[in-house]
Amino acid sequence: MRKVLSFSLCLMIGLVISQFLPVWFGSDYAESHIKFGVDSLLYVCLAFIMINVGRDFEIDKTRWRSYATDYFIAMATAAMPWLLIACYYVFVLLPSNYWGDLEAWKENLLLSRFAAPTSAGILFTMLAAMHLSKSWIYRKIQVLAIFDDLDTILLMIPLQMLMIGMKWQMGVIIAFVTIALVAGWKYQNTWKVRQDWKMIMFFAVLVVFFTQGIYLVTEYFLTHEGVVHIEVLLPAFILGVLMKTKFVDNPIEERISTGVSLLFMLLVGMSMPQFIGEDLSAAASGGMVVSKQPMLPWGTIAFHVVIVSLLSNFGKLLPVCFYHNHTLRERLALSVGMFTRGEVGAGVIFIAMSYKLGGPVLLISILTLVLNLILTMGFVLWVKWLAKGCPQE
């Protein structure tokens with residue numbers, strides 16, 4: 302519980318700090334070397350986290366057909382809250398003249414994607430601590446949560462297409478994604494390499510150097526219109542998948558891993574644009590629809606945060622409709638376990654910010670993530686109560 306609350310606290314502290322950074326470092330902070338350094342450190346933390354997510358990903362390739370149903374359910378479970386929130390953002394938070402606007406839809410489809418991924422790391426740790434590691438619920442959540450994250454990573458590709466259009470750069474990105482996925486499938490869990498936190502951090506830095514290097518080189522030679530922007534999520538995840546998993550289980554590794562996640566949450570909050578006392582409509586750049594919306598009163602913001610949280614978790618109840626060979630209680634426990642949010646969702650929000658998306662919708666997304674982090678212990682206790690009396694397999 303302390304870890305989850307610490308995640309929320311770091312996100313909130315970063316959010317507060319973000320409002321003072323332009324004051325401390327000047328109005329050109331967004332274009333400064335300091336901001337570049339903060340973003341680079343954030344990407345390193347995100348790559349570190351995604352490498353560990355990839356290390357947790359294991360599939361018995363001889364039984365690949367049996368995973369098809371699980372992947373479909375995980376994909377639908379990730380899609381339902383995403384689409385519900387996207388519709389809410391467009392039809393409730395935007396004026397009616399934007400309801401049929403393609404720009405408005407693509408921006409909100411990207412922003413609302415934060416609600417799709419379940420926090421596998423937080424969830425697995427808590428369920429294991431509550432002695433549920435031998436239950437069907439735990440084993441099935443492991444599969445669905447990892448597929449959930451994978452689906453989120455893959456769907457960022459078409460969303461990226463929507464944001465930058467069908468340019469030649471997308472052909473490069475699609476080719477890279479295809480090669481990475483084939484390599485991950487073919488060579489999964491075969492790369493024997495040291496896997497303590499120092500080596501994982503080294504690989505995280507390499508991933509960021511690779512992705513940011515491609516971005517900066519293409520920007521230098523082809524200007525900003527010709528950049529190739531490969532997000533760190535997929536290459537870091539595939540790198541973890543390739544590793545022959547060898548967990549180093551000691552207190553130092555645990556503290557470092559938790560510390561990286563806490564730093565990541567702090568940096569995500571610090572990356573928020575200034576919204577207190579700012580005219581967002583005047584500050585919006587690039588014609589972004591969501592960034593041009595006026596800031597809402599805090600009471601209204603709080604109301605929308607609650608509604609978006611309810612929609613998000615309602616969408617995650619989809620597994621109740623499947624696995625009918627298990628009791629309704631078990632299926633509900635499985636679904637409630639998918640409520641937990643964490644670093645991958647925060648990573649999606651940061652990626653959305655990298656496309657200059659802002660405004661009240663971004664703030665609502667951040668605060669919804671914070672609220673769900675605070676409620677995580679309640680979700681897990683709910684799962685434990687539902688699992689009480691269910692058979693341990």
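Residue numbers (the numbering used here): 302 to 694.
Built from N, CA and C at the ideal position, the CB exists for glycine as well.
- Less than 8 Å separates the beta-carbon of Leu342 from that of Leu568.
- Within the stretch 351 to 379, no complete alpha helix (DSSP H) segment of 4 residues or longer occurs.
- Apart from the 5 residues on each side of it in sequence, Leu597 sits with its Cβ closer than 7 Å to the Cβ of Pro661 in its chain, given in chain order.
- Shown here for Lys547: same chain residues with a beta carbon closer than 6 Å to its own, the five before and five after excluded, namely Gln496 in chain order.
- Residue state for Met596 is assigned as coil, using DSSP reduced to three classes.
- With a cutoff of 8 Å on beta-carbon distance, Val637 and Trp599 are scored as not near each other.
- When the Cα atoms are used, Val506 and Thr419 turn out to be separated by approximately 25 Å.
- Counting of Cβ neighbours within 10 angstroms places Asn409 among the buried residues, the total reaching 16 or more.
- Collapsing the DSSP output to three states places Trp492 in a strand.
- For Pro552, the enclosing alpha helix (DSSP H) has its first and last residue at Pro552 to Met571.
- Around the beta-carbon of Leu668, 16 or more other beta-carbon atoms lie within 10 Å, marking it buried.
- Your pair Ala417 and Thr363 does not check out as a contact, with CB atoms roughly 29 Å apart and the cut at 8 Å.
- In the same chain as Ser610, and ignoring 5 residues on each side of it, the C-beta atoms closer than 7 Å to its own belong to Thr669, Leu672 and Asn673, in chain order.
- The shortest CA-to-CA distance from Phe623 to any of Ala377, Asn551 and Ser333 is the one to Ala377.
- Taking the Cβ atoms as the reference, Pro620 lies roughly 14 Å from Ile447, outside the contact range of under 8 Å.
- In the three-state scheme derived from DSSP, where H, G and I count as helix and E and B as strand, Ser333 is classed as coil.
- Contact check for Leu394 and Val533: beta-carbon distance about 29 Å, past the 8 Å limit, so the pair fails to qualify.
- Its chain contains Val494 as the residues whose beta carbon lies nearer than 8 Å to that of Met500, once the 5 sequence neighbours on both sides are disregarded; these appear in chain order.
- Judged by pairs of C-beta atoms under 8 Å, the stretch 533 to 542 touches the stretch 453 to 464, as three or more such pairs exist.
- Phe510 and Tyr516 have their C-alpha atoms spaced approximately 10 Å apart.
- The criterion of a C-beta distance shorter than 8 Å is not satisfied by Gly560 and Asn353.
- The three-state secondary structure of Met639, taken from DSSP, is coil.
- Selection Trp492, Ala484, Ser558 and Val444 evaluated against Thr370 yields Val444 as nearest (Cα-Cα).
- Under the criterion of beta carbons closer than 8 Å, Phe415 and Val590 do not qualify as touching, at roughly 18 Å.
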